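Everything below concerns the one structure shown next.
Numbering (my numbering), first residue to last: 7 to 157.
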């Protein structure tokens, strides 16, 4: 057993949308949702998985087995949430296993844990990072660092 971690998702097992062709353009990706998020964005599409308790603990070997069932179709394993970087050890272990299997890896993150993202990059465990920039739409200059375009 490699460890246990709360997972959540929209699939039959309530922890994964098994195969996606829209989460990483051009790649068939097995998406795994991690429960728990440190943000409370009012527009969150996954608001049902904000707390760790919203998921169930699943052994990583079970998740790996489910991914292997579809491996012949897959290019990548992706994680989203919630916020996956709040569970750094499980995230790294899943990505390490995925890379050993020859799969690319994608991380969808709110970037609130830059040290975790840096560790994944330094260890070459993540192929693609999708980062959401959160902030008030009323102040786009502050949010983006660029002046507002005049229309």
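Glycine residues also receive a C-beta, built at the ideal position from the N, C-alpha and C atoms. Computed from a predicted structure; not experimentally measured.
The alpha helix (DSSP H) that contains residue 54, what's its start and end? The residue given as residue 54 occupies position 48 in the chain shown. Premise fails: residue 54 is in no alpha helix (DSSP H) and is neither H nor E.
If you follow the alpha helix (DSSP H) that residue 127 is in, where does it begin and where does it stop? For the purposes of this step, residue 127 is taken as residue 121 along the chain shown, with counting starting at 1. It spans 120-128 - the alpha helix (DSSP H) in which residue 127 sits, taken as one unbroken run.
For residue 122, which of 92, 62, 105, 147 has the nearest alpha-carbon? Position 116 of the chain shown, counting from 1, holds the residue named residue 122. That would be 92, whose Cα lies nearest to the Cα of residue 122.
Is residue 143 helix, strand or coil by DSSP? Position 137 of the chain shown, counted from the first residue, corresponds to residue 143. Correct three-state label for residue 143: coil.
N- and C-terminal bounds of the alpha helix (DSSP H) containing residue 96: Against the chain shown, residue 96 aligns to sequence position 90. Here the alpha helix (DSSP H) through residue 96 covers 94-106.
Which residues mark the beginning and the end of the alpha helix (DSSP H) in which residue 71 is found? Taking the first residue of the chain shown as position 1, residue 71 is located at position 65. Element bounds for residue 71: 66-75.
Report the rounded CA-to-CA distance for residue 118 versus residue 77, giving the unit in angstroms. In the chain shown, counting from the first residue as 1, residue 118 sits at position 112. In the chain shown, counting from the first residue as 1, residue 77 sits at position 71. Approximately 31 Å, taken between the alpha carbons.
Under three-state DSSP, which class holds residue 27? Mapped onto the chain shown, residue 27 falls at position 21. Residue 27: coil per DSSP, three-state reduction.
State whether the region 68-87 contacts the region 29-38, with contact taken as three or more CB pairs (one from each stretch) at a distance under 8 Å. yes
Note down the Cα distance separating residue 106 from residue 130, rounded to an integer number of angstroms. Sequence index remark: in the chain shown, residue 106 carries index 100 (1-based). Sequence index remark: in the chain shown, residue 130 carries index 124 (1-based). In a straight line, the C-alpha of residue 106 is about 11 Å away from that of residue 130.
Where does the unbroken beta strand (DSSP E) through residue 39 begin, and where does it stop? Your numbering for residue 39 matches position 33 in the chain shown. From DSSP, the beta strand (DSSP E) with residue 39 extends over 35-40.
How close, in whole Å, do the beta carbons of residue 42 and residue 99 come, if the pair is a contact with beta carbons under 8 Å? To locate residue 42, count along the chain shown from 1; it is residue 36. To locate residue 99, count along the chain shown from 1; it is residue 93. The pair is not a contact, with the Cβ atoms about 17 Å apart (cut-off 8 Å).
Taking the alpha-carbon positions, what's the residue 45 to residue 138 distance? The residue given as residue 45 occupies position 39 in the chain shown. The residue given as residue 138 occupies position 132 in the chain shown. Roughly 12 Å separates the two Cα atoms.
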